[in-house]
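Student:
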Ligand code: 5AD
Ligand code: SF4
Ligand code: FES
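Residue numbers (my numbering): 642 to 986.
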């Protein structure tokens with residue numbers, strides 16, 4: 642029986658961990674051991690990514706969504722949310738301003754709006770024509786042909802969080818959606834040559850450590866280029882109203898173990914973590930994260946993209962967030978990366 646410390650050291654050496662060993666790491670509560678885990682994750686991050694932090698400027702371009710995910714404030718049945726949808730031209734302009742602020746990646750994100758595929762293709766083409774940035778799409782489940790079209794137009798990356806790698810649990814949280822179809826799409830995206838991102842939510846009601854260990858094994862098995870790991874935050878206008886939020890500590894543990902097992906993946910310090918703890922993103926950057934995704938959406942729309950309540954950066958402008966995050970990164974003795982931060986796989 643290996644001691645906890647030995648399990649951490651084994652992962653640092655690049656060895657595989659069993660599900661049981663991952664669960665053991667997620668059970669750590671002792672301060673000293675937690676510190677050890679985070680420090681090792683930080684070291685692995687430094688060895689493989691250096692001190693550069695990649696910034697991805699995110700445009701939340703539509704809050705319409707046809708899905709009804711139990712946890713999300715954008716869910717279709719939330720009638721109290723004011724919905725907005727930006728025009729393609731506005732999105733292109735925002736992306737170009739983002740590039741002028743120095744962002745080398747622009748993320749185009751929306752609810753499952755069904756935004757016209759040819760308009761998205763147009764946006765990709767226009768942004769690529771005028772700005773030297775990578776483009777990441779995050780618009781949910783679409784057809785193979787649409788993913789193919791956008792890839793051909795120049796989209797570089799795609800984020801489609803699998804949310805949880807347990808089929809039954811997935812389907813209990815996503816009415817009308819199928820786990821199999823989610824995973825199938827991740828395979829399509831990878832086959833089409835996208836740098837592919839997945840990720841999970843920490844602390845969902847009904848989630849246990851085995852679920853989280855399975856998530857980490859899934860990251861590993863799929864060799865995800867990018868992995869978003871953020872805490873659950875209950876939204877009042879959802880069926881999960883009033884449920885306890887995920888914790889900072891569990892989020893950091895999952896992040897740190899993920900860093901040990903996937904040294905090359907890009908791991909963001911998530912906005913959700915920054916929303917439940919003022920220093921959440923700083924803590925993540927010291928426990929394995931090497932990416933931050935500041936908001937570049939126009940101020941007037943920010944409050945409406947309410948996936949969860951009390952989201953940070955609602956009252957700021959794109960230039961405010963750019964400056965703020967630069968300060969945070971420098972205060973940690975790190976630097977803002979100047980390259981695009983493509984996959985290392
Ligand atoms: N708490 C935390 N994360 C959430 N997401 C959606 N709703 C919530 C919530 N209440 C995450 C999902 C989704 C991403 C856009 O936001 O992981 O993929
Ligand atoms: Fe829609 Fe995504 Fe929210 Fe689900 S998580 S309701 S698909 S925006
Ligand atoms: Fe938006 Fe700090 S990153 S205010």
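Positions of the beta carbon are idealized from the N, C-alpha and C atoms, including for glycine.
1. When the Cβ atoms of the segment 873-888 are set against those of the segment 680-693, are three or more pairs found closer than 8 Å?
2. Sorted by chain position, which residues of the same chain lie with C-beta nearer than 7 Å to residue 792's C-beta, five sequence neighbours on each side aside?
3. Using a Cβ-Cβ cut-off of 6 Å (strictly less than) and excluding sequence neighbours within five positions of residue 794, which residues of its own chain qualify?
4. Between residue 778 and residue 752, which are expected to be in contact by the criterion C-beta below 8 Å, what is the C-beta distance as a whole number of angstroms?
5. Examine ligand 2 and report whether any of its heavy atoms sits within less than 6 Å of the Cβ of residue 752.
6. Ordered along the chain, which non-local residues of its own chain (more than five positions away) have a Cβ less than 8 Å from that of residue 648?
7. So, at 7 Å on beta carbons, what are the nonlocal neighbours of residue 846 in its own chain, with the 5 sequence-adjacent residues on each side left out?
8. Give every residue whose Cβ lies closer than 6 Å to any heavy atom of ligand 1, listed in chain order.
9. Hey, how far is the Cα of residue 839 from the Cα of residue 643?
10. If residue 724 sits next to residue 705, beta carbons under 8 Å apart, how far is it from one beta carbon to the other, in whole angstroms?
11. Just to confirm the assignment: which complete alpha helix (DSSP H) runs, minimum length 4, are found wholly within the segment 737-814?
12. Nearest-angstrom Cα distance between residue 656 and residue 755?
13. Might you give, ordered along the chain, the residues of its own chain that have their beta carbon closer than 8 Å to the beta carbon of residue 653, omitting 5 neighbours on each side?
14. Enumerated in chain order, which unbroken segments of the beta strand (DSSP E) with a length of 3 residues or greater are wholly contained in the segment 645-711?
15. For residue 907, which residues does DSSP report across the bridge?
16. My output table needs one value for residue 963: the three-state DSSP class, helix, strand or coil.
17. Could you have a look at residue 878 and say whether DSSP puts it in helix, strand or coil?
18. Can you name, in chain order, every residue of its own chain whose Cβ lies under 6 Å from the Cβ of residue 713, other than the five neighbours on each side?
19. Taking the DSSP output, what are the residues bridged to residue 836?
20. Would you identify the three-state DSSP class for residue 944, choosing helix, strand or coil?
21. Would you report the Cα separation of residue 873 and residue 771, rounded to the nearest angstrom?
22. Assign residue 892 to one of three DSSP states: helix, strand, or coil.
Tutor: Quick answer:
1. In this structure the segment 873-888 does not touch the segment 680-693; the number of beta carbon pairs closer than 8 Å is below three.
2. Answer for residue 792: 833, 834, 835, listed in chain order.
3. Apart from the 5 residues on each side of it in sequence, residue 794 sits with its Cβ closer than 6 Å to the Cβ of 762, 765, 766 in its chain, given in chain order.
4. In this structure, residue 778 and residue 752 do not form a Cβ contact; the two beta carbons are roughly 13 Å apart against a cut-off of 8 Å.
5. Yes; taking the cut-off as 6 Å, the Cβ of residue 752 has a heavy atom of ligand 2 nearer than that.
6. Cβ within range, chain order: 658, 662, 665, 666.
7. Residues 881, 884 of the same chain have their beta carbon placed closer than 7 Å to that of residue 846, with the five preceding and five following residues left out of the count.
8. Here the residues come out as 712, 713, 802, 804, 842, 871, 873, 874, 876, 913, 948, 949.
9. Whole-angstrom Cα-Cα distance: 30 Å.
10. About 5 Å; that satisfies the 8 Å criterion.
11. Within the segment 737-814, the complete alpha helix (DSSP H) runs of at least 4 residues are 758-771, 785-794, 808-814.
12. For residue 656 and residue 755, the distance between alpha carbons rounds to 42 Å.
13. Spatial neighbours of residue 653 in its own chain (CB-CB distance under 8 Å, excluding positions within 5 residues in sequence) are listed in chain order as 681, 684, 685, 901.
14. 693-696, 698-703, all fully within the segment 645-711.
15. 867, per the DSSP bridge assignment.
16. DSSP places residue 963 in the helix class (H, G or I) of the three-state scheme.
17. Residue 878 falls in the coil class under three-state DSSP.
18. For residue 713, where only same-chain residues beyond five positions count, the Cβ hits under 6 Å are 948.
19. Note: residue 836 is bridge-paired with 798 in the DSSP secondary-structure output.
20. In the structure shown, residue 944 sits in a helix (DSSP, three-state: H, G or I).
21. Their Cα atoms are separated by approximately 37 Å.
22. Collapsing the DSSP output to three states places residue 892 in a helix.
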